[in-house]
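Note that the working numbering has the sequence shown beginning at 21, numbered continuously upward. Read through the structure below, which is laid out as structure tokens, and then see the notes.
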Amino acid sequence: MNNQQTKEEIADVYVKRIIEQNKQQYSKAYELGKKSIYLTLAHRDATIYRLQEIIRNNKLSGQVHQEHKGIALNTKYNENWTWVSKIIYVLLEKNAPMRSQQMIEYFIPIDERMRISHDMGGYFSAFLTKAVKNNRVVKIKVKGFKGYFYALPEWMINGELPPTYYRKMNLFVNQ
């Protein structure tokens, strides 16, 4: 009986130890999930702020009549456009070179396909590569940044981006 009781006590200690380890793992997972939610909310708030900024700028500047290969700036966004046309549209809308993540954040609220994509970065990267290969968009490497900024070819002067566009780039956000 004494031996039986000792085995039960050992089993109880073992079970308690396993429960404690699981609690630690679950609390770590809980903290990671909480951090992920906070990051998602921060991205959402940044996107809302950028959209409000676009709306403010459009109200102030009025309608701009500029065309780029069939896309007029005063046209409304159309989900049926090709992705290359959508990329050109967002660059014209912002009138500044952008990183792929900034473009994705622009498209999430307005494009259904981007919202339902499980791998937005990979999904969007293929279209950016196609736009670069077809010379519709130019890749620009900025020292100190991972990845590239993307600009329209007509913004380039002798293969260089003018300083006015560097000032328009948001170099301090999403590094």
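The C-beta atom is built at its ideal place from N, Cα and C for all residues, glycine as well. For clarity, every value in this text was computed on a predicted model and none was experimentally measured.
Query	Result
Mind checking R119: buried by the 16 CB within 10 Å criterion, or exposed?	buried
Taking F169 and I177 to be in contact with their CB atoms under 8 Å, please state how far apart those CB atoms are, rounded to whole angstroms.	Not confirmed; about 16 Å, so no contact.
If we ignore side chains and look at the alpha-carbon of each, how far apart do E125 and V33 end up?	51 Å
By the 10 Å Cβ neighbour count, where 16 or more other Cβ atoms means buried, how is L111 classified, buried or exposed?	buried
Taking only the alpha-carbon atoms, compute the straight-line gap between L59 and D65 and give it to the nearest angstrom.	10 Å
CA-CA distance, E99 and I128?	12 Å
Any idea if K106 is buried or exposed, counting beta-carbon neighbours within 10 angstroms, 16 or more meaning buried?	buried
Mind reading off the beta-carbon distance from V104 to A151? Whole number of angstroms is fine, and I expect it under 8 Å.	5 Å
Considering only C-alpha positions, which residue in the set K163, V158, F165, I74 is nearest to P173?	V158
For I177, which of helix, strand or coil comes out of DSSP?	strand
Kindly provide the ranges of any beta strand (DSSP E) runs that are 3 or more residues long and lie completely inside the stretch 22-75, ordered along the chain.	none
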